[in-house]
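What follows is one structure encoded as structure tokens, with my remarks underneath.
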Amino acid sequence: MSDARTRILARLASARGKNAPNAEAIAAERAALIPDASATQPTFAEQHTLTRFEAMATSERLTATVSHIESLKDVPAAVAAYLAHRGLSAEAAVAPALADLEWGEIQASTSITPNQPVAVTMAEGGVAETGSLIFRSGPETPMLHNFLGLHHIAVVRQDRIGRYLESVFGPDAPALPRIMTLVTGTSGTADIEAVNIRGAHGPRYLHILLVG
Amino acid sequence: MSTALRSPANFRREAAEAVTKPSLKIALDRTTGLLQRRRTDVLKAYPEFEVTREIAKNIKDHTLAHLDHYLVEFERNATAAGAIVHWAETPEEACRIVIDLCRQADAKSVTRVKSMLGEEIGLPKALAAAGIDRVETDLAEHIIQLADEPPSHIVIPAMHKTREEVAELFANHHKEPKIDGEVGTLVESARQELRAKYVAADVGISGANFLIASTGSVCTVTNEGNAELTTELPRMHIVTAGIEKLVPEPEHALVLLRLLARSALGTEFTQYTSFFTGPRREGETAGPEAMHIVLVDNGRTQMLAGEMRPMLRCIRCGACINHCPVYGAIGGHPYGSTYPGPMGSVLTPALESLEVAKDLPHACTLNGRCAEVCPVKIPLPDLIRSLRDDTWRRKLVPKPARWAVQGWAWMAMRPRLYRLAAGLANQALRLWAGPRSMIAKLPLASGWTDSRDLPAPIGPTFMEQYRRRQRR
Amino acid sequence: MVKDFPHVGLLITCLVDTMRPEIGFATLKLLEQAGCRVSVPDAQTCCGQPALNSGARAEAQALAKRVIAAFEPFDYVVAPSGSCLGTVKAHYPELLADDPVWHRRAAQVAAKSYEILSFLADVRGWQPQGVRFPARATYHHTCAGLRELGIYAQPLQLLEHVDGLEILPLEGETACCGFGGTFAVKYPEISTAIVSDKTRQIAATGADTLLAADLGCLMNIAGKLSREGRGDIRVFHPVEILAGMADGKGVAGR
């Protein structure tokens, strides 16, 4: 162990003085830090979880668009409709998780290029509070697919939309992947005169396909 | 202003110069005004703000009180996830670790996500000195890298630049500049310019908004999505983070995240919020092969042991800066350090020294707006007052000012003498003013009268008139 | 409990004493109208704020003790200034925290100390009657009153009952005017830049009168308005209006 480590920890210990609490006492204090998570959650009692999710995602700030499909099988058709609507050519980079779908006329490839026009990916879930999509990295869901496309089409099952951010880490949530990203709208910047602009580095357009 | 000449010791001169720049004033007004309005609007829809900031304060205070415990927990869990944790006491040590890692990865080019800790430890300069090509990916950092200027704000580092100035920079530096007077077109120009550089980088360097002890994760937030692009593409991801970034669990980070975006930019949530836990895993075809986390002290353990401890709660949202009238008048550069505004006036003396930064705690009107907006309830005016006490105790206050306060206090302890002096001052001002009610020039008071008139008293002092009435 | 005829110690503030006694007399009159017996302790000089804000703690402590001793006998301590009263109420207890006896005395005085407008509105439940001041005015909320004492609604509530007085909304009404005590002369360039914003915003309202409840801020703003050739805008402390004692242009001149 490095000397810096030893010295930093020693200084911290001495700053605390003699009465160092034991791990149990710290754990007890830690457990009580958030007496009630709902106290920190913005209320939207009158809104259904899914209604809120859509309202947030399509808000003026997040600028996403949403369409509904019944099952994963409908993804290629919905993608084709989006491409046609936007006047884009029928090709897309798709996450391996979606590669087995019947892509038909769409040229679907799991590889992605730095200037990919369209990428289709699979979100693990969403959060109504913020209108966020949850992406977890893995062999079937590479993270870059969510960032390199100018148009990002994200597929998410509507029964995986949680109400609040806490649902991302709840007791039922799987262990953290290498990288987990909450994507809330499109890539934006306010770096010049605080004016909000879309498509800074990542996608300029986000289209969400809600399944179910 | 070039990056080489920065020092808080030049504050007075640079502040006086800054107020004369019309384009700076335009940029600051446009930006801080917008950010203030957005914050106000977003908080209208978040009545939970007051309760949440109290909880946030408790989370940070608890973690700081047991920081050694949490650092060890973080190190254990990050290591278990495959990351390598390094410790650095000083900026030099931290930079050396990063440079060694870059060399180890045989890096020719590194991409960097904006990190104030990186600025604080002088990483950009250290990389340049080591001959490593650095690409700033945050749009604002990209702008100031082109301009060879230091950041002037912690959230919007190029806040001092108008769109017109940015257009000129891009015209001179971009391979295929796109310019038409619109901010959107400028952003597109930068997107094209930077895209190729992401792909070519060998190492990606980021900071951390939060370090999560229970999972060993690093949490970053950006609106541009540049953190993920910066760290997913290269072979190695290096994180530099101050040790005060710890929180016990992800849930604690969520509470702070709710406050961070609202306070910083007036939005409910940041566009991209990522939790990084270790390097590339089995079966993955992307992601860095190695992840290194450099934990930096640089004066924080000392702050933690003293009166400035509440400052370590800071989550770098910049709300205090956006609401500071002094910052709004002079921008960030005169502060001569990485951190401007109220939070900088407290941090800089601690990170550098009170001797060089002695002006900063005094260059404040103590109007209290910073504390009012701080999402973790840092009592900034109290900390600033406490630093003023230190400057007085350590005789860093200029002698004439010192004598003036002492002389006046001596007099104020003696009511009869004080009455006499107040009466004389009152009479002198009336005599000097003559028939006019405003004094345009007054000896020894040029600090006031150079730029504004001094209203002259109309009659004798209150105490004199009052006593006269009592006698009647 | 509203006492029937409380004894109020008037903390006149050094700036009002020397520069604008009219504010002091207006305060006195209002306190009497609000059913108080008023005394002006002879032993008072200054609350010590300049020392406190310069970091001269020993000097500030000595002055604080003087003020505490002088004002302890009264039922209430009232001052026509948010920043002076803020020093007494928000800072004396902390300033004397190391001395248990003085700390207790400081806390007791702090507890019964009030800025004049909040005292009239909150403690006395007083309202002006038959006061007339025809003006299109605008109101600047001073920082210490606003953030150390939480005074925001009270001045406007009181002024609402003044006949002929219209209050125009001021952009940046709660932003600092750049006075900041000794800051104004220690960093004149910055102070001037800040007050320039304030005067520009005041001018933009089209108001003929500016009101604010702290003399330092009033002098700063009036001085800048005058230098900019906007000396026709009248500048008053609200107590002068409420007491029916607003003469001429107030702090902006005769």
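If you're matching them up, the sequences are chains A, B and C in order.
So in my numbering, the last spot in the first sequence is 227, and the numbers never skip.
So in my numbering, the last spot in the second sequence is 470, and the numbers never skip.
So in my numbering, the last spot in the third sequence is 277, and the numbers never skip.
For each residue, glycine too, the CB sits at the ideal point set by N, CA and C.
On a predicted model such as this, the values are computed, not experimentally measured, just so you know.
Limits of the alpha helix (DSSP H) - the one that Met301/B falls within: Sequence index remark: in the second sequence, residue 301/B carries index 303 (1-based). Counting along the chain, the alpha helix (DSSP H) containing Met301/B begins and ends at Arg298 to Ala303.
Identity of the residue in Thr363/B, Lys375/B and Gly223/B nearest Phe206/C by Cα: For this step, residue 206/C is matched to residue 183 along the third sequence. The residue from Thr363/B, Lys375/B and Gly223/B with its alpha-carbon nearest to that of Phe206/C is Thr363/B.
7 Å CB neighbourhood of Ser141/C in its chain, flanking five on each side removed: As a first step, residue 141/C must be located in the third sequence, where it is residue number 118. So the list reads Leu172, Ile174 and Gln177, once near-sequence residues are dropped.
The stretch 328 to 343 of chain B touching the stretch 366 to 382 of chain B, judged by at least three CB pairs closer than 8 Å: Flag = yes, the stretch 328 to 343 of chain B and the stretch 366 to 382 of chain B touch.
Sufficient close CB pairs (3 or more, under 8 Å) joining the stretch 179 to 189 of chain A to the stretch 136 to 154 of chain A: The stretch 179 to 189 of chain A, when compared against the stretch 136 to 154 of chain A, does touch it at the 8 Å Cβ threshold.
Chain C contact residues for Gln463/B, given Cβ-Cβ distances below 8 Å: Within the second sequence, residue 463/B is the residue found at index 465, counting from 1. When 8 Å is used as the limit between beta carbons, Gln463/B is near these residues of chain C: Pro44 and Phe48, in chain order.
Under 7 Å from the C-beta of Phe460/B: neighbouring residues of chain C: Within the second sequence, numbered from 1, the residue matching residue 460/B stands at position 462. Those are Ile35, Val39, Asp40, Pro44 and Gly47, listed as they occur along chain C.
Identity of the residue in Gly267/C, Ala275/C, Leu241/C and Phe259/C nearest Gly252/C by Cα: Residue 252/C sits at position 229 when you count from the first residue of the third sequence. Ranking the options by Cα distance to Gly252/C, first place goes to Ala275/C.
Any beta strand (DSSP E) of 3 or more consecutive residues that is wholly inside the stretch 202 to 230 of chain B: Runs found: 208 to 210 and 215 to 220.
Exposure of Pro441/B, with buried meaning 16 or more beta-carbon neighbours within 10 Å: As a first step, residue 441/B is located in the second sequence; it is residue number 443 there, counting from the start. Exposed, by the Cβ-count rule.
Sequence ranges, beta strand (DSSP E) only - wholly within the stretch 90 to 135 of chain C, length at least 3: Whole beta strand (DSSP E) segments, 3+ residues: 99 to 102.
Contact with chain B by Ala79/C, beta-carbon distance below 7 Å: For the purposes of this step, residue 79/C is identified with residue 56 of the third sequence, where counting begins at 1. Yes, Ala79/C lies at the interface with chain B (some Cβ there is under 7 Å from its Cβ).
Chain-ordered neighbours of Thr215/C on chain B, where CB pairs are closer than 9 Å: Position 192 of the third sequence, counting from 1, holds the residue named residue 215/C. Here the neighbours are Val17, Ala327, Asp448, Ser449 and Arg450.
Proximal residues of chain B, C-beta to C-beta of Leu24/A below 8 Å: Residue numbering aside, residue 24/A sits at position 9 when the first sequence is read from its first letter. The contacting residues are Asp66, Leu69 and Val70.
Cβ distance (whole Å) where Leu165/A is taken to contact Gly102/A below 8 Å: Numbered from its first residue, the first sequence carries residue 165/A at position 150. Numbered from its first residue, the first sequence carries residue 102/A at position 87. For Leu165/A against Gly102/A, the beta-carbon gap comes to about 13 Å, at or over 8 Å, which does not count as contact.
Under 9 Å (Cβ pairs) to chain C, residues found in the stretch 44 to 55 of chain B: Listed by position along the chain: nothing, the set is empty.
Residue span of the beta strand (DSSP E) that contains Met114/B, given as start and end: In the second sequence, counting from the first residue as 1, residue 114/B sits at position 116. Element bounds for Met114/B: not the beta strand (DSSP E) but the alpha helix (DSSP H), Met114 to Glu118.
Minimum Cβ-Cβ distance from Ala188/B to chain C less than 7 Å: The sequence position of residue 188/B within the second sequence is 190, counting from 1. Not closer than 7 Å to any Cβ of chain C, the Cβ of Ala188/B fails to qualify, so no.
Same chain, Cβ closer than 7 Å to Ser0/B, five either side skipped, listed in chain order: Numbered from its first residue, the second sequence carries residue 0/B at position 2. Per-residue confidence for Ser0/B stands at a pLDDT of 46, beneath the threshold of 50, marking its modelled position as unreliable; the derived number appears in the next sentence. Within the same chain, Ser0/B has close Cβ partners Asp146.
Interface flag, Pro323/B vs chain C, CB-CB below 7 Å: Along the second sequence, read from residue 1 onward, the residue named residue 323/B stands at position 325. With 7 Å as the cut-off, Pro323/B counts as an interface residue toward chain C.
Between the CA atoms of Arg101/B and Glu134/B - distance to the nearest angstrom: Residue numbering aside, residue 134/B sits at position 136 when the second sequence is read from its first letter. Residue numbering aside, residue 101/B sits at position 103 when the second sequence is read from its first letter. Cα to Cα, Glu134/B sits roughly 19 Å from Arg101/B.
Beta-carbon proximity check, Ile177/B vs Ala165/B, cutoff 7 Å: By one-based count along the second sequence, residue 177/B stands at place 179. By one-based count along the second sequence, residue 165/B stands at place 167. The criterion of a C-beta distance shorter than 7 Å is satisfied by Ile177/B and Ala165/B.
Own chain residues within Cβ distance below 7 Å of Leu22/B, not counting five before or after: As a working mapping, residue 22/B is identified with position 24 in the second sequence. Within the same chain, and ignoring the five residues on either side of Leu22/B in sequence, the residues whose Cβ sits closer than 7 Å to its Cβ are Ala16, His158 and Gly329.
Interface flag, Ser272/B vs chain A, CB-CB below 7 Å: The residue labelled residue 272/B in the question sits at position 274 within the second sequence. Put simply, the CB of Ser272/B is near chain A, with a gap under 7 Å to one of its CB atoms.
Inter-stretch contact (C-beta, 8 Å, three-pair minimum) for the stretch 233 to 249 of chain B and the stretch 36 to 50 of chain B: Segments in contact, no.
DSSP-derived helix/strand/coil call for Gln122/A: Working through the first sequence from its first residue, we reach residue 122/A at position 107. Strand, per DSSP.
Residues, ordered as in the chain, of the stretch 81 to 98 of chain B that lie near chain A by beta-carbon distance below 8 Å: Residues His84, Trp85, Ala86, Glu87 and Glu91.
Chain B within 7 Å of Leu118/C, Cβ atoms only: If you number the third sequence from 1, residue 118/C lands on position 95. So no, Leu118/C is outside the interface.
Spatial neighbours of Gly116/B in its chain, beta-carbon cut-off 8 Å, leaving aside the 5 residues before and after: Position 118 of the second sequence holds residue 116/B. Taken in chain order, the residues that qualify are Arg110, Pro122, Ile203, Gly205 and Thr238.
Straight-line gap, His140/B to Gly182/B (C-alpha atoms, nearest Å): Residue mapping note: residue 140/B aligns to position 142 of the second sequence, counting from 1. Residue mapping note: residue 182/B aligns to position 184 of the second sequence, counting from 1. Each residue's CA atom was taken as its position, placing His140/B and Gly182/B some 16 Å apart.
Residue environment, Asp27/C, which counts as buried when at least 16 other CB atoms sit within 10 Å: If you number the third sequence from 1, residue 27/C lands on position 4. Classification for Asp27/C: exposed.
Top-ranked residue by Cα proximity to Glu247/B, from Arg20/A, Glu44/A, Asp18/A and Pro36/A: Translated into positions along the second sequence, residue 247/B becomes position 249. When only C-alpha atoms are compared, the closest one is Glu44/A.
Cβ-heavy atom distance, Pro151/C to the ligand NAP, below 6 Å: The ligand NAP is absent from the structure shown, which contains no ligand whatsoever.
Identity of the residue in Leu252/B, Pro396/B, Asp295/B and His250/B nearest Cys93/B by Cα: Position 95 of the second sequence, counted from the first residue, corresponds to residue 93/B. For the residues Leu252/B, Pro396/B, Asp295/B and His250/B, the minimum Cα distance to Cys93/B belongs to Asp295/B.
The stretch 311 to 324 of chain B in contact with the stretch 54 to 69 of chain B per 3-pair CB rule at 8 Å: Taking 8 Å as the limit for Cβ pairs, the verdict is that the stretch 54 to 69 of chain B does touch the stretch 311 to 324 of chain B.
Any C-beta of chain B under 7 Å from that of Pro96/C: For the purposes of this step, residue 96/C is identified with residue 73 of the third sequence, where counting begins at 1. No, Pro96/C lies away from the interface with chain B (no Cβ there is under 7 Å from its Cβ).
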